[in-house]
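See below for the structure under consideration.
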Amino acid sequence: SRRNMRIEPFFPATPAELSIEAFRAMAVEAFPNSWDRENIWGHFEELLTSLGETGADIDIFVNGSFVTHKLNPGDIDLLLVVRRPVIGYNSLSQEKVQAFSNRRDEWKRAKRCDFEIIVETSTLDDDIDEIIDQTLNRFSFNENGPPKRAIKLQLEA
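In terms of our numbering, the sequence shown opens at residue 29 and continues consecutively.
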């Protein structure tokens, strides 16, 4: 049955780091029969543009079924980590990140981009990597195969 069908992640180890182009080749172009992947990718590119407009330094991790061989994933799951130098030094970027975050439901429902945001602060400095790991582990559960592993996207500076 479909429920018991084994869905393999792209990578057995965690986390892999890829450029946007390499990730697109692996997650979209390798699935020419998946309209869902192409559609979700278009919305994901909109999300990247919106994030770029915040001016914040953001690490992007992709997880969930989009990093598996599932032909038609329901969405793309993202962990967005806003790095500390922007926060506190540039209140406009902070406001833009908040405005972006406030649109989370719209991104999830209409655009199939589901994300969580972690904002690094001076009080989180020592724990930020642990918090990232815990969050990614929560997203990695795969009832039909090995854990889904996050891919960290390398963004152009």
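The beta carbon of each residue, even a glycine, is placed where N, CA and C say it ideally should be.
Whole-angstrom distance between Ile160 and Leu99, CA atom to CA atom = Along the sequence shown, read from residue 1 onward, the residue named residue 99 stands at position 71. Along the sequence shown, read from residue 1 onward, the residue named residue 160 stands at position 132. About 27 Å.
message = Just verifying my parser: in three-state terms, what is the DSSP assignment at Arg143?
response = Residue mapping note: residue 143 aligns to position 115 of the sequence shown, counting from 1. Correcting the residue type first, residue 143 is Phe in the shown sequence and not Arg. Phe143: strand per DSSP, three-state reduction.
task = Please confirm if the stretch 125-135 is in contact with the stretch 51-66, defined as three or more CB-CB distances below 8 Å between the two stretches.
result = no
task = Tell whether a beta-carbon distance below 8 Å holds between Asp105 and Phe38.
result = Position 77 of the sequence shown, counting from 1, holds the residue named residue 105. Position 10 of the sequence shown, counting from 1, holds the residue named residue 38. Taking 8 Å as the Cβ cut-off, Asp105 and Phe38 do not qualify as a contacting pair.
Reduced DSSP category for Ala44 - H, G, I as helix; E, B as strand; rest coil = Mapped onto the sequence shown, residue 44 falls at position 16. Strand.
task = Work out the CA separation of Gln182 and Glu123 for me, nearest whole Å.
result = In the sequence shown, the residue the question calls residue 123 occupies position 95. In the sequence shown, the residue the question calls residue 182 occupies position 154. Taking the straight line from one Cα to the other gives about 24 Å.
request  = To the nearest angstrom, report how far apart Lys139 and Phe72 are at their CA atoms.
outcome  = Taking the sequence shown and counting its residues from 1, the one referred to as residue 139 is at position 111. Taking the sequence shown and counting its residues from 1, the one referred to as residue 72 is at position 44. Between Lys139 and Phe72, the C-alpha separation is close to 8 Å.
query = For the ligand PLP, any of its heavy atoms closer than 7 Å to the Cβ of Arg140?
reply = What this structure holds is no ligand at all, so the ligand PLP is not there to describe.
message = Looking at Asp103: is its Cβ nearer than 8 Å to the Cβ of Ile68?
response = Within the sequence shown, the letter at position 75 stands for residue 103. Within the sequence shown, the letter at position 40 stands for residue 68. A contact, by the Cβ cut-off of 8 Å.
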